[in-house]
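Reading the sequence shown from the start, the letters are residues 119 to 161 in the working numbering.
Built from N, CA and C at the ideal position, the CB exists for glycine as well.
Just so it is clear, the structure is predicted and the values come from calculations on it, not from any experiment.
Below is one structure, written out as structure tokens; comments come after it.
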Amino acid sequence: MLSKIKCSTCGAENERNASHCCVDRASLGFPNVNIMSDPYFKP
């Protein structure tokens, strides 16, 4: 299971495959980059 990603503006936790925050709709960046940056994929 992938960890959540925090919004940089409001701090809300979002799914890593989201492109915008579920609270304030701020951009979370590219979903593919966010997914691959999860600790699960680190050696």
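Classify residue i as helix, strand or coil using the three-state DSSP reduction.
i: N132; result: strand
Going by C-alpha to C-alpha distance, which of the options sits closest to residue i?
i: S137; options: F159, S155, L146; result: L146
i: P149; options: V141, C139, N135, F159; result: N135
i: C140; options: F159, L120, K124, S155; result: K124
i: D142; options: D156, F159, V151, S126; result: S126
Is residue i close to chain D, meaning its C-beta is less than 7 Å from at least one C-beta of that chain?
i: E131; result: Among the protein chains of the structure shown there is no chain D, as only one such chain exists.
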